[in-house]
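K.L.:
In the working numbering, the protein residues as written are 258 to 741.
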């Protein structure tokens, strides 16, 4: 009986790690009803405690995906003034002119599904789960002992590439770490990255000439970071660069950096739904002009501080990004990139390094895909510090070993992402009123994130998943009790 029980337990854990929580629960319940060894009983009870939470959480993510598509087909995107986008969709017969209730320009349901079906799910260059790296292109390089705010020079960028190359064991994606001055072109930056680092790399080809655009084509170890939509509307300056990138043959990282309560809804589910819809729209356009092009879902939700500025010190930042990653890992199977591991602190202090470490550990705890901005960033992505980058890499080496010692039968950890049955109504209200600040839905959901944090803290205090790593990091940040 012991051997069969172990086999069934392994099967349940396999199902759980494949996000089939209902089937896993059925096996756990069957095991519990049988006379099995104490060590098996302990694990079964441990996992059963989480199953209903995980089942409910997955339903939330499925609703986010379904509603994201409904935003495109029922509310629409505000593209009427973009003649180029309108022409592309008109020629494709993609616009649903019969949807008179739409606020903006709606896309046909069947056309959305057809485009999403064309998006590849398998990617030869995929660096795998819990990949951390650089990113964000902060405008300034933080230099030791120098308070002057400047971009990186050619020689300074060469130094960055050299140090990143020396830490390839920890860096899964070398995404543009800092803006550069006129001493080096965007294309030269990419060439240095190609020469000095062998893993996955990201650049923004907006600064490339037409002749230089072919550099990334057909290269699985490169992605072209681009964006098109914000606040349900296209950015006029990005339409042409986006279309050029989509047609180039490069892998696309489709970026959306909507912030809660500022450019998007205030509740986690509604925020993720709007972001997901905007990324899906970019996928629709990309697949229309270049069917089969690889699209990475770069929905990178942001949260703000009391003053309304982007806050990477917020405990909510890794949580909302982990939830966005789960929408794709659990539901869409689209390759995805998230954000975290940074800090709002502007100076390289032990607190800044520790805060970043806690953010990365939170993301790893819940399981993500590709995480940009995780190494070397300061000041909510305004600064890049090579010193901090090296310190972050050292912390990662230690924490990777600690996480590797976690019990193999811990299963998937619930994130307790709060449901919002009013998410679609909230997004429609934002569309009609021109932004979330005037939307009643945003005001009603003002406590959503703090309530989410409280739920996680309560669960973390009752149940440890990683005995060797403090499991209440969110509470530590919130109470200011961090000790480096």
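Glycine included, every Cβ here is placed at the ideal spot set by N, Cα and C.
Quick one: what's residue 499 bridged to in DSSP?
P.N.:
On the chain shown, position 242 is the one that residue 499 refers to. For residue 499, which the question treats as bridged, DSSP gives no partner whatsoever.
K.L.:
Kindly indicate the opening and closing residues of the alpha helix (DSSP H) around residue 658.
P.N.:
Here residue 658 corresponds to residue number 401 of the chain shown, with the count starting at 1. Segment 643 to 661, the alpha helix (DSSP H) holding residue 658.
K.L.:
Which stretch, first to last residue, makes up the alpha helix (DSSP H) that contains residue 538?
P.N.:
What you label residue 538 is simply residue 281 of the chain shown in a count that begins at 1. It spans 525 to 546 - the alpha helix (DSSP H) in which residue 538 sits, taken as one unbroken run.
K.L.:
At which residue ranges does the stretch 566 to 596 contain complete beta strand (DSSP E) runs of 3 or more residues, listed in the order of the chain?
P.N.:
594 to 596, all fully within the stretch 566 to 596.
K.L.:
What beta strand (DSSP E) runs, 3 residues minimum, are completely inside the stretch 392 to 441?
P.N.:
397 to 399 and 430 to 432, all fully within the stretch 392 to 441.
K.L.:
Indicate the three-state DSSP secondary structure (helix, strand or coil) for residue 481 in the structure shown.
P.N.:
As a first step, residue 481 must be located in the chain shown, where it is residue number 224. Residue state, collapsed to three classes: strand.
K.L.:
Is it the case that the Cβ atoms of residue 474 and residue 507 are separated by a distance below 8 Å?
P.N.:
Locating residue 474 in the chain shown gives position 217, counting from the first residue. Locating residue 507 in the chain shown gives position 250, counting from the first residue. Closer than 8 Å, so yes.
K.L.:
Find the nearest neighbour of residue 516 within the set 653, 569 and 499, judged by alpha-carbon distance.
P.N.:
Against the chain shown, residue 516 aligns to sequence position 259. Of the listed residues, the one whose Cα sits closest to residue 516 is 569.
K.L.:
In the DSSP assignment, find the unbroken alpha helix (DSSP H) run with residue 554 in it and report its ends.
P.N.:
Mapped onto the chain shown, residue 554 falls at position 297. First-last for residue 554: 552 to 556, but that is the beta strand (DSSP E), not the alpha helix (DSSP H).
K.L.:
Thinking C-alpha only, which one of 679, 416 and 498 is nearest residue 485?
P.N.:
Taking the first residue of the chain shown as position 1, residue 485 is located at position 228. Answer by Cα proximity: 498.
K.L.:
Residue 452 to residue 426, Cα distance in whole Å?
P.N.:
What you label residue 452 is simply residue 195 of the chain shown in a count that begins at 1. What you label residue 426 is simply residue 169 of the chain shown in a count that begins at 1. Cα to Cα, residue 452 sits roughly 17 Å from residue 426.
K.L.:
Note down the Cα distance separating residue 555 from residue 592, rounded to an integer number of angstroms.
P.N.:
Stepping through the chain shown from its first residue, residue 555 is reached at position 298. Stepping through the chain shown from its first residue, residue 592 is reached at position 335. So the two alpha carbons sit approximately 9 Å from each other.
K.L.:
How would you write the range of the beta strand (DSSP E) that residue 458 sits in, first residue to last?
P.N.:
On the chain shown, position 201 is the one that residue 458 refers to. That run of the beta strand (DSSP E) goes 457 to 460.
K.L.:
In chain order, what residues of the same chain lie with their CB nearer than 6 Å to the CB of residue 632, ignoring the 5 residues before and after it?
P.N.:
Indexing the chain shown from 1 puts residue 632 at position 375. Same-chain partners within the cutoff: 391, 646 and 649.
K.L.:
Suppose the cutoff is 6 Å on Cβ atoms and the five residues either side in sequence are ignored; what does the same chain contact list for residue 396 look like?
P.N.:
Within the chain shown, the letter at position 139 stands for residue 396. Hits under 6 Å: 436.
K.L.:
Just curious, the alpha helix (DSSP H) that residue 261 is in, first and last residue?
P.N.:
To locate residue 261, count along the chain shown from 1; it is residue 4. It spans 259 to 274 - the alpha helix (DSSP H) in which residue 261 sits, taken as one unbroken run.
K.L.:
Comparing alpha-carbon positions, which option in 585, 609, 602 and 617 lies nearest residue 596?
P.N.:
Translated into the one-based positions of the chain shown, residue 596 becomes position 339. Closest option to residue 596, Cα to Cα, is 617.
K.L.:
With a CB to CB cut of under 6 Å and the five nearest residues on each side skipped, what residues in its chain are close to residue 536?
P.N.:
Translated into positions along the chain shown, residue 536 becomes position 279. Contacts found: 511, 513, 554 and 556.
K.L.:
Just to check my reading of the structure: residue 317 and residue 518 have Cβ atoms closer than 8 Å, yes? What is that Cβ distance to the nearest angstrom?
P.N.:
Sequence index remark: in the chain shown, residue 317 carries index 60 (1-based). Sequence index remark: in the chain shown, residue 518 carries index 261 (1-based). Wrong, their Cβ atoms sit about 20 Å apart, outside the cutoff.
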